[in-house]
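When the letters of the sequence shown are read in order and numbered with numbering that gives the first Met the number 0, they come out as residues 0 to 850.
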Amino acid sequence: MSRRRFWLSICMALAVLLSLLACYAIYRVQQLLDEQHVELDWQGFSLSWRGLQLHEVSLVQRGQGELHTHAKQLHLQWLASEAPRYRLAVQGLRVDWLAADSEAQSPTNSGLDETVQTISNALPWLPRRIELRDLHAQLPCINGRCALDGELDLQRLDDALHLRVRLLRENHSAVLQAHLQGLDGALDSARQLQMTLHFDEQQQMELHSDLAVQGDALQWNGDLLLAPLQEIAWVAAWLSEWTSLDTANLPKTPQQAGIIAQWQLQLPQTTRQLGELLTAPGWLRVDAQLPQPWPLPGIGLLSGELQLDLRNAAGAWQGRKLHGNLQLDTQDAPWLTALPNGLRTSRLQLQLQPLESNPDTPLALQLKLVAEGALQGQIDAELGLQQSRDWALEVRQLQLDARSKRVDLDGIRADGLQLNLDLSGNVTAHQLQLTLAANSRLDIQRLRGADLDLQQARLTLAGLGVAGAPHVPTLSGPLTLRIQSLQHPQLQAQGWQWQGRLEADSVSQALDGALLADSGLSMTLRLNNTADALGLNATVDELFLRAGNPLAHTLASWPPLLALDNGRIQADASLSLPTGKPLQLRAKLSGKGLAGIYDRSMLSGVDAELHLRLAGERLTLELPSLSAKQLDPGIALGPLQLQASYQASLQRPLAGSLSHQRAELGILGGSLSLEPATWALDRPSQLLPLKLSGLDLQELFRVYPAEGLAGNGLIDGTLPLRLGGAISIEQGLIEARPPGGQLSFHSPRIRAMGQANPGMKLVTDALEDFHYDLLSSSVDYDQSGTLQLGMRLHGQNPAIEKGRPIHFNINLEEDIPALLASLQLTDKVRGIIQQRIQQWMRQRVPQESKE
Numbered sequence: 000m001s002r003r004r005f006w007l008s009i010c011m012a013l014a015v016l017l018s019l020l021a022c023y024a025i026y027r028v029q030q031l032l033d034e035q036h037v038e039l040d041w042q043g044f045s046l047s048w049r050g051l052q053l054h055e056v057s058l059v060q061r062g063q064g065e066l067h068t069h070a071k072q073l074h075l076q077w078l079a080s081e082a083p084r085y086r087l088a089v090q091g092l093r094v095d096w097l098a099a100d101s102e103a104q105s106p107t108n109s110g111l112d113e114t115v116q117t118i119s120n121a122l123p124w125l126p127r128r129i130e131l132r133d134l135h136a137q138l139p140c141i142n143g144r145c146a147l148d149g150e151l152d153l154q155r156l157d158d159a160l161h162l163r164v165r166l167l168r169e170n171h172s173a174v175l176q177a178h179l180q181g182l183d184g185a186l187d188s189a190r191q192l193q194m195t196l197h198f199d200e201q202q203q204m205e206l207h208s209d210l211a212v213q214g215d216a217l218q219w220n221g222d223l224l225l226a227p228l229q230e231i232a233w234v235a236a237w238l239s240e241w242t243s244l245d246t247a248n249l250p251k252t253p254q255q256a257g258i259i260a261q262w263q264l265q266l267p268q269t270t271r272q273l274g275e276l277l278t279a280p281g282w283l284r285v286d287a288q289l290p291q292p293w294p295l296p297g298i299g300l301l302s303g304e305l306q307l308d309l310r311n312a313a314g315a316w317q318g319r320k321l322h323g324n325l326q327l328d329t330q331d332a333p334w335l336t337a338l339p340n341g342l343r344t345s346r347l348q349l350q351l352q353p354l355e356s357n358p359d360t361p362l363a364l365q366l367k368l369v370a371e372g373a374l375q376g377q378i379d380a381e382l383g384l385q386q387s388r389d390w391a392l393e394v395r396q397l398q399l400d401a402r403s404k405r406v407d408l409d410g411i412r413a414d415g416l417q418l419n420l421d422l423s424g425n426v427t428a429h430q431l432q433l434t435l436a437a438n439s440r441l442d443i444q445r446l447r448g449a450d451l452d453l454q455q456a457r458l459t460l461a462g463l464g465v466a467g468a469p470h471v472p473t474l475s476g477p478l479t480l481r482i483q484s485l486q487h488p489q490l491q492a493q494g495w496q497w498q499g500r501l502e503a504d505s506v507s508q509a510l511d512g513a514l515l516a517d518s519g520l521s522m523t524l525r526l527n528n529t530a531d532a533l534g535l536n537a538t539v540d541e542l543f544l545r546a547g548n549p550l551a552h553t554l555a556s557w558p559p560l561l562a563l564d565n566g567r568i569q570a571d572a573s574l575s576l577p578t579g580k581p582l583q584l585r586a587k588l589s590g591k592g593l594a595g596i597y598d599r600s601m602l603s604g605v606d607a608e609l610h611l612r613l614a615g616e617r618l619t620l621e622l623p624s625l626s627a628k629q630l631d632p633g634i635a636l637g638p639l640q641l642q643a644s645y646q647a648s649l650q651r652p653l654a655g656s657l658s659h660q661r662a663e664l665g666i667l668g669g670s671l672s673l674e675p676a677t678w679a680l681d682r683p684s685q686l687l688p689l690k691l692s693g694l695d696l697q698e699l700f701r702v703y704p705a706e707g708l709a710g711n712g713l714i715d716g717t718l719p720l721r722l723g724g725a726i727s728i729e730q731g732l733i734e735a736r737p738p739g740g741q742l743s744f745h746s747p748r749i750r751a752m753g754q755a756n757p758g759m760k761l762v763t764d765a766l767e768d769f770h771y772d773l774l775s776s777s778v779d780y781d782q783s784g785t786l787q788l789g790m791r792l793h794g795q796n797p798a799i800e801k802g803r804p805i806h807f808n809i810n811l812e813e814d815i816p817a818l819l820a821s822l823q824l825t826d827k828v829r830g831i832i833q834q835r836i837q838q839w840m841r842q843r844v845p846q847e848s849k850e
């Protein structure tokens with residue numbers, strides 16, 4: 000009996016002690032909860048040798064945020080032989096977290112480090128197993144608050160950790176299972192990770208990772224398998240609730256796609272940065288399969304296969320194998336809208352085939368790219384990756400053949416484009432060297448713009464090369480352009496050729512060469528473009544007109560009535576278009592010893608120099624000197640001396656002001672001249688006060704076709720010349736220079752008339768030897784070409800009535816154009832002048848008959 004009481008007393012004492020310990024534990028727990036601002040409440044408490052069980056447990060934590068949790072049942076089970084020696088199971092857990100505004104911000108790096116450190120420190124204290132069943136959580140997300148349903152199973156086994164998470168969304172599920180081995184923290188222990196991901200009970204991803212210590216480094220081996228994806232648009236929609244993912248613009252999930260990746264890397268034990276992974280020695284193999292087209296946003300539909308084998312033995316990744324067959328459907332791709340219609344493709348196909356390589360070329364491959372659509376073409380290339388610390392691409396041969404029927408760009412239409420390139424060279428991270436071979440060219444059947452029409456144009460690119468650093472390459476080499484026919488309103492239709500050299504980089508571009516027309520006109524051109532200005536310099540090669548006049552066969556605006564067949568012409572021009580400033584243009588044209596024909600006049604000994612200057616909207620023409628030995632419109636005139644300038648605006652180029660400093664023309668031993676003046680050409684007509692000085696009557700009568708007429712004396716006068724629709728003279732006046740001169744007129748026809756008329760006989764007798772002291776005449780010349788002279792003639796004939804004074808008033812009328820034409824026909828003139836005179840006469844007869 001005493002023994003029974005003893006044991007009963009012991010049990011009661013132990014029960015009291017356990018109760019006191021439980022009360023103390025509850026007190027300490029409550030004290031700890033109060034310090035953490037946690038409120039804990041439960042209903043139904045039971046304690047047994049197997050563990051602690053609570054019913055209807057509620058927990059509230061208030062701080063910067065607020066956390067509410069509620070569980071229908073919480074079971075903390077003691078474990079006898081395993082460590083940690085307890086396991087936690089929660090059923091019907093509800094979590095509601097209201098985060099503070101500050102917690103909604105993105106965590107800093109220091110915050111992440113503290114979180115990782117906290118998890119690492121808490122890992123030894125975690126329960127042996129944590130089971131959360133029927134979990135429902137309301138958590139902050141990108142859209143405000145989102146729901147999360149599922150279950151979690153986390154189990155610690157010695158140095159291994161096993162995690163299984165199952166998340167539910169409507170009728171879908173996602174299951175992540177991970178097994179991590181090597182948590183004991185020993186330096187020489189291996190760490191292994193195995194992970195699988197299932198969507199709707201279908202495995203989508205499997206990962207095997209093994210991290211082991213080898214000497215002073217870590218060796219990381221891994222395998223990754225991405226199985227063909229199912230239709231998982233719901234996953235993207237789900238993720239969009241928690242992130243800023245734009246699911247509306249996401250492509251559809253690629254069906255039957257798969258990726259297999261394997262790798263082995265040597266890492267330093269202190270690896271912390273992603274860059275250390277990218278430079279770590281080792282190898283990587285990737286095998287990707289995409290049999291069905293998969294839309295890439297903004298690019299197109301991608302399908303095909305790709306195998307890749309990379310190795311890093313000297314600090315840089317190099318390819319050992321590359322094999323691929325990819326197709327890209329670009330028919331509706333947005334990036335195509337930036338290209339002209341004729342340069343758009345609907346489909347691209349890329350084929351990569353490995354070639355035999357040697358130790359110096361770890362990767363050698365054959366590349367073939369085919370384009371279909373409005374732009375059709377093909378690229379065939381043999382490429383090699385050189386083995387060195389820095390990558391180097393060897394372009395052994397690259398041939399490109401591209402064609403387009405029509406391209407429209409900024410009002411220009413090009414038909415029948417074909418581009419052929421044969422390229423070879425080397426490309427490295429620091430140096431670029433590519434050269435085009437002999438058959439590289441661009442052909443255009445026809446190119447049409449607003450006023451331009453080119454036919455059969457070929458741009459030869461042979462010898463053109465790209466060199467320099469990849470970020471600042473330089474394009475240089477010879478260029479040749481041949482155009483079979485060029486039509487422009489300012490040019491005669493003919494062929495052109497340009498041959499020169501191109502030098503271009505990102506800072507400046509320069510073209511330097513020679514331009515040659517089929518007419519024989521040639522010039523040197525230099526085009527220079529920089530950030531500050533665009534400049535053009537042109538120099539026309541000296542023209543020797545005895546061999547022909549290429550200007551007349553080149554310029555559409557060349558005067559059709561002007562033909563030069565002797566002398567030399569030189570010209571040069573420079574154009575500058577500074578950035579943000581007006582255009583600047585300077586040009587110079589000079590001729591020496593020019594001779595030829597203008598209309599029905601012959602020219603000889605013409606020397607001229609013309610300067611043109613354009614500054615913004617201001618146009619200036621200067622004629623420092625113009626001289627001619629002779630002008631012969633039927634009467635030999637000359638010499639000619641002219642010095643003038645002209646200024647106008649580009650808006651009204653023909654309404655400027657003309658100034659002449661010298662204007663003088665020799666005529667029949669005398670001269671016609673103008674005093675220096677300035678004329679406004681915007682007026683409908685101009686009146687030029689011509690001054691006649693020293694005209695020799697002897698020279699006039701020599702060329703005037705009047706039989707038996709002779710005389711001498713000098714004539715001066717003023718001739719108001721009006722320039723409008725045609726030339727006219729109004730109220731001109733000429734008179735003989737004192738002391739006068741002599742006239743004689745011996746005509747058998749006129750003498751015969753005098754025999755029958757005594758009055759006419761006196762006139763004919765007086766004019767046989769008439770000494771005049773006054774000879775003056777009014778001069779009027781109308782626009783039809785009729786010259787009217789009202790002459791007053793005073794003098795005497797010593798043989799008549801002892802030289803008594805005789806006065807004559809004579810009215811003369813002459814058709815000057817017809818007179819000059821008759822004078823030219825009587826001389827030995829060129830056939831072209833005779834043809835023009837005869838044509839003029841044929842046109843003149845119908846006009847006179849109408850009048």
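Glycine included, each C-beta is placed from N, C-alpha and C at the ideal position. Keep in mind it's a predicted model, so treat the numbers as computed, not measured.
I666 classed as buried or exposed, judged by whether at least 16 other C-beta atoms fall within 10 angstroms
Position 667 of the sequence shown, counted from the start, is the residue given in the question as residue 666. Classification of I666: buried, given that the 10 Å Cβ count is 16 or more.
Reducing DSSP to helix, strand and coil, say where W497 ends up.
The sequence position of residue 497 within the sequence shown is 498, counting from 1. Residue state, collapsed to three classes: strand.
C-alpha gap between D222 and Q398, whole angstroms
By 1-based counting over the sequence shown, the position of residue 222 is 223. By 1-based counting over the sequence shown, the position of residue 398 is 399. Each residue's Cα considered, the two are about 39 Å apart.
Under DSSP, the alpha helix (DSSP H) around Q782 begins and ends at which residues?
Residue numbering aside, residue 782 sits at position 783 when the sequence shown is read from its first letter. Neither: Q782 is in no alpha helix (DSSP H) and is coded neither H nor E.
Return helix, strand or coil for A236, following the three-state DSSP convention.
Position 237 of the sequence shown, counting from 1, holds the residue named residue 236. Helix at A236.
Are there 16 or more other CB atoms within 10 angstroms of the CB of N170, so buried, or fewer, so exposed?
Numbered from 1 along the sequence shown, position 171 holds the residue referred to as residue 170. Answer is exposed; the Cβ neighbour count stays below 16.
With a 10 Å radius around its C-beta and 16 neighbouring C-beta atoms as the bar for buried, classify W219 as buried or exposed.
For the purposes of this step, residue 219 is identified with residue 220 of the sequence shown, where counting begins at 1. W219 is buried by the Cβ-count criterion.
Using CA atoms only, rank isn't needed, just tell me which of I378, G519 and K404 is closest to G547.
By 1-based counting over the sequence shown, the position of residue 547 is 548. Selected option, being the one with the closest Cα: G519.
Pull the bridge partners of D511 from the DSSP assignment, please.
As a working note, residue 511 is residue 512 in the sequence shown. Note: D511 sits in a beta bridge opposite R500 and R525.
Does the Cβ-Cβ distance between G731 and L713 come in under 7 Å?
In the sequence shown, the residue the question calls residue 731 occupies position 732. In the sequence shown, the residue the question calls residue 713 occupies position 714. For G731 and L713, no; Cβs fall outside 7 Å.
Contact defined as beta carbons within less than 8 Å: I believe L327 pairs with L307. What is the distance between those atoms, to the nearest angstrom?
Along the sequence shown, one-based indexing puts residue 327 at 328. Along the sequence shown, one-based indexing puts residue 307 at 308. The pair is not a contact, with the Cβ atoms about 18 Å apart (cut-off 8 Å).
Which two residues bound the contiguous alpha helix (DSSP H) that contains Q697?
Within the sequence shown, numbered from 1, the residue matching residue 697 stands at position 698. Where Q697 is concerned, the enclosing alpha helix (DSSP H) stretches over L696 to V702.
Excluding five sequence neighbours on each side, which residues of the same chain lie with their C-beta closer than 6 Å to the C-beta of R93?
Here the question's residue 93 lines up with position 94 in the sequence shown. Closer than 6 Å at Cβ, skipping near neighbours: H69 and H135.
Rounding to the nearest angstrom, what Cα-Cα distance links A607 and L620 in this structure?
Residue mapping note: residue 607 aligns to position 608 of the sequence shown, counting from 1. Residue mapping note: residue 620 aligns to position 621 of the sequence shown, counting from 1. Computed Cα separation, rounded: 13 Å.
Quick check on R155: does DSSP put it in helix, strand or coil?
Within the sequence shown, residue 155 is the residue found at index 156, counting from 1. Three-state result, R155: strand.
Quick check on K628: does DSSP put it in helix, strand or coil?
For the purposes of this step, residue 628 is taken as the residue at position 629 of the sequence shown. In the structure shown, K628 sits in coil (DSSP, three-state: anything other than H, G, I, E or B).
From I443 to G534, what does the alpha carbon distance come to, in whole angstroms?
In the sequence shown, the residue the question calls residue 443 occupies position 444. In the sequence shown, the residue the question calls residue 534 occupies position 535. I443 and G534: Cα-Cα distance of roughly 27 Å.
Kindly indicate if chain B contains any beta-carbon less than 7 Å away from that of I141.
Note that chain B does not occur in the displayed structure, where there is just one protein chain.
How would you write the range of the beta strand (DSSP E) that K587 sits in, first residue to last?
To locate residue 587, count along the sequence shown from 1; it is residue 588. Counting along the chain, the beta strand (DSSP E) containing K587 begins and ends at Q583 to Y597.
CA-to-CA distance, T329 to T107, given in whole angstroms:
The sequence position of residue 107 within the sequence shown is 108, counting from 1. The sequence position of residue 329 within the sequence shown is 330, counting from 1. Because the pLDDT at T107 is just 42, under 50, the model does not fix this residue reliably, and the value given afterwards should be weighed accordingly. When rounded, the distance between both Cα atoms is 41 Å.
Check I411 in the structure and name its three-state DSSP category.
Mapped onto the sequence shown, residue 411 falls at position 412. I411 falls in the strand class under three-state DSSP.
Hey, could you find the ends of the beta strand (DSSP E) A537 is sitting in?
As a position in the sequence shown, residue 537 is number 538, starting the count at 1. A532 to F543 is the span of the beta strand (DSSP E), which, as asked, contains A537.
Pick from G710, G257, L708 and E729 that is closest to P688, judged by C-alpha positions:
Walking along the sequence shown from the start, residue 688 turns up at place 689. Nearest of G710, G257, L708 and E729 to P688, Cα basis: E729.
Report buried or exposed for Q268, applying the criterion of at least 16 other Cβ atoms within 10 angstroms of its Cβ.
Within the sequence shown, the letter at position 269 stands for residue 268. It counts as exposed.
Which one or two residues does DSSP pair with Q76 in a beta bridge?
By 1-based counting over the sequence shown, the position of residue 76 is 77. For Q76, which the question treats as bridged, DSSP gives the partners G50 and R86.
V506, enclosing beta strand (DSSP E) - first and last residue
One-based indexing of the sequence shown puts residue 506 at position 507. Premise fails: V506 is in no beta strand (DSSP E) and is neither H nor E.
Within 10 angstroms of its Cβ, does D598 collect 16 or more other Cβ (buried), or is it exposed?
Numbered from 1 along the sequence shown, position 599 holds the residue referred to as residue 598. That one is exposed.
Taking the Cβ atom as the reference point for each residue, do D517 and R500 lie within a distance shorter than 7 Å?
Counted from its first residue, the sequence shown places residue 517 at position 518. Counted from its first residue, the sequence shown places residue 500 at position 501. No. Outside cutoff.
Report the CB separation of A570 from V539 in whole angstroms; it is logged as a contact under 8 Å.
To locate residue 570, count along the sequence shown from 1; it is residue 571. To locate residue 539, count along the sequence shown from 1; it is residue 540. Contact flag correct, Cβ pair sits at about 4 Å.
Could you round the C-beta distance between L433 and V394 to whole angstroms and report it? I think they count as a contact, below 8 Å.
Against the sequence shown, residue 433 aligns to sequence position 434. Against the sequence shown, residue 394 aligns to sequence position 395. The pair is a contact, with the Cβ atoms about 6 Å apart (cut-off 8 Å).
Can the beta-carbon of G372 be found less than 7 Å from the beta-carbon of S345?
Indexing the sequence shown from 1 puts residue 372 at position 373. Indexing the sequence shown from 1 puts residue 345 at position 346. Yes, Cβ-Cβ distance for G372 and S345 is below 7 Å.
To the nearest angstrom, how far is the alpha carbon of K849 from that of L786?
What you label residue 849 is simply residue 850 of the sequence shown in a count that begins at 1. What you label residue 786 is simply residue 787 of the sequence shown in a count that begins at 1. With a pLDDT of 49 at K849, under the threshold of 50, the modelled position of that residue is not reliable, and the figure given next carries that caveat. Going by the C-alpha atoms only, they are around 21 Å apart.
Q646 versus G655 - alpha carbon distance
For the purposes of this step, residue 646 is identified with residue 647 of the sequence shown, where counting begins at 1. For the purposes of this step, residue 655 is identified with residue 656 of the sequence shown, where counting begins at 1. Computed Cα separation, rounded: 5 Å.
Taking its Cβ as the centre, do 16 or more other Cβ atoms sit within 10 Å of T114, making it buried, or is it exposed?
In the sequence shown, counting from the first residue as 1, residue 114 sits at position 115. Annotation note: pLDDT 42 at T114 (below 50); position unreliable, no value reported.
Residue ranges of each alpha helix (DSSP H) within the stretch 303-385, 4 or longer:
none
Opposing strand residues paired with L420 [DSSP bridges]
Position 421 of the sequence shown, counted from the first residue, corresponds to residue 420. L399, per the DSSP bridge assignment.
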